[in-house]
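Oh and the sequence shown: position 186 is 186 in UniProt numbering, straight run, nothing missing.
Where is the CB? At the ideal position from N, CA and C, for every residue including glycine.
Below you'll find the structure, written out as structure tokens, and then a few comments.
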Amino acid sequence: MMLAGFEWGHAWLLFLLPLALLPWFTHNLDKTVAWVNLVPVDPLSRVINLTLKALASLAIASLIIALSAPSLPEQKRERVGEGAEIVLLLDRSRSMDDPFAVKTQAASVSVGGDNSKRNVARDYLTEFVKNRPDDRFGFVFFSTKAINLLPLTYDKEAVLATINANALGKGLSDTNMAEALLSSAKMFEGQPYRGSRIVLLVSDGGQILTDEAKEKIAKIYREMNLTIYWIYLKSRQEMTLEASDNDNLLWVDIPERKLHTFFKSIGVPYRAFEAGSLQSFADALAEIDRRHYQTLIVEETLPHEPKEDVFLWLALLAMLLLASSHLYTWWGVKKAHE
């Protein structure tokens, strides 16, 4: 129940608040005197008497309110910040369990170790999210299918937990890049435009897209005003997304290059970072971090906040003052009879 800006767990107890008036209904202590001039004028005593009654009322009212369990409800608050809205699109196919940026084919035999691509991605994305307090993050992971694990949110704890959980287990063999790209863009549908919008793809591979998929992806990315960043996690350090004269024949027509060419053609801001080492991965994220700090409206969630303690402290303070006054009265009476 909402009342006076508070939620009340036991609102019915508020009907007991009139009990706070009890200190004002005291017994008649008037005395009959022979001559009124014998009674001294003592305004200080009258003030003290009224103060003690007010303290007693405050103690009773505070205890009743505390027992009624007042609390501030969860609230949404908007403030001006600097950052971006970023969907983290993370490849979770089986190849992401392979070692990151090895120099020889023999070194790529181990699977799922600390230097696997999924573990490296987890560690660096965690630092990236921690360094951007005002950003709004969403999370999509994909292999055979794309799964929207987390809608766009300012809840950094939820984002970090999702990144960490995504590194667990083993990936599947297939990759559905088209569905993943569409799912990431659709996360912005129905959302007010707050500033820079980014899809950050972290993947070690590509896919040859159909013409229909290309058309859908290009259309929605232009409509949503999205920027694409692709951190390409190399399986071999010598692999590149751009063709060169010294290309290995095995790399001439690979899906990664076809996807790279497609991204450059769809008419939205795009940049690829070829991460062939831990340092180049860190540099890529640092470059993205520097580029996107636009003014935007940040929506924060203020959690439910119990307020019983405030009223319990008020009651305690009032009762301590009352106890002190009674102790002083007892001491004064004792001294008068000595």
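Rounded C-beta distance between residue i and residue j? I'm assuming under 8 Å.
{"i": "Val87", "j": "Met187", "result": "5 Å"}
{"i": "Val140", "j": "Ser184", "result": "5 Å"}
{"i": "Leu55", "j": "Leu13", "result": "Actually they do not touch by this definition, with Cβ atoms about 21 Å apart."}
{"i": "Val159", "j": "Val129", "result": "5 Å"}
{"i": "Tyr232", "j": "Arg271", "result": "With a Cβ gap of about 11 Å, Tyr232 and Arg271 do not count as contacting."}
{"i": "Glu85", "j": "Arg222", "result": "Between Arg222 and Glu85 the Cβ distance is about 17 Å, and since that is not below 8 Å, they are no contact."}
{"i": "Ala218", "j": "Ala178", "result": "About 12 Å; that fails the 8 Å criterion."}
{"i": "Leu322", "j": "Leu44", "result": "The pair is not a contact, with the Cβ atoms about 18 Å apart (cut-off 8 Å)."}
Going by DSSP, which residues form a beta bridge with residue i?
{"i": "Met2", "result": "Glu7"}
{"i": "Leu88", "result": "Phe139, Leu200"}
{"i": "Glu274", "result": "Tyr232"}
{"i": "Pro99", "result": "Ser116"}
{"i": "Thr153", "result": "Phe137"}
I need the DSSP call for residue i, collapsed to helix, strand or coil.
{"i": "Glu189", "result": "coil"}
{"i": "Asp309", "result": "helix"}
{"i": "Ser123", "result": "The question names Ser, yet the displayed sequence has Asp at residue 123. Note: Asp123 maps to helix in three-state DSSP."}
{"i": "Asn148", "result": "strand"}
{"i": "Ala106", "result": "In this predicted model, Ala106 has a pLDDT of only 41, less than 50, meaning its place in the structure is not dependable enough to derive any value."}
{"i": "Pro70", "result": "strand"}
{"i": "Val268", "result": "coil"}
{"i": "Thr51", "result": "helix"}
{"i": "Val329", "result": "Here residue 329 turns out to be Thr, not Val, going by the sequence shown. Helix, per DSSP."}
{"i": "Ala180", "result": "helix"}
{"i": "Pro133", "result": "coil"}
{"i": "Asp283", "result": "helix"}
{"i": "Thr162", "result": "helix"}
{"i": "Val111", "result": "Low confidence applies to Val111: its pLDDT is 47, below 50, so where it sits in the model is not reliable, and the reading given next is rough at best. Correct three-state label for Val111: coil."}
Return yes when at least one heavy atom of the ligand MN lies under 8 Å from the C-beta of residue i, else no.
{"i": "Leu58", "result": "With respect to the ligand MN, the structure offers nothing, as it holds no ligand at all."}
- Message: At 4 residues or longer, what runs of the alpha helix (DSSP H) sit wholly inside the region 194–261?
- Response: 211–223
- Query: Looking at C-beta atoms only, is the number of pairs between the region 307–320 and the region 61–73 that lie closer than 8 Å three or more?
  - Reply: yes
- Message: Can you confirm whether the region 251–267 touches the region 119–130 when touching is taken to mean that 3 or more C-beta pairs between the two stretches lie within less than 8 Å?
- Response: no
- Query: Using 8 Å as the Cβ pair cut-off and three pairs as the minimum, do the region 55–64 and the region 272–288 touch?
  - Reply: no
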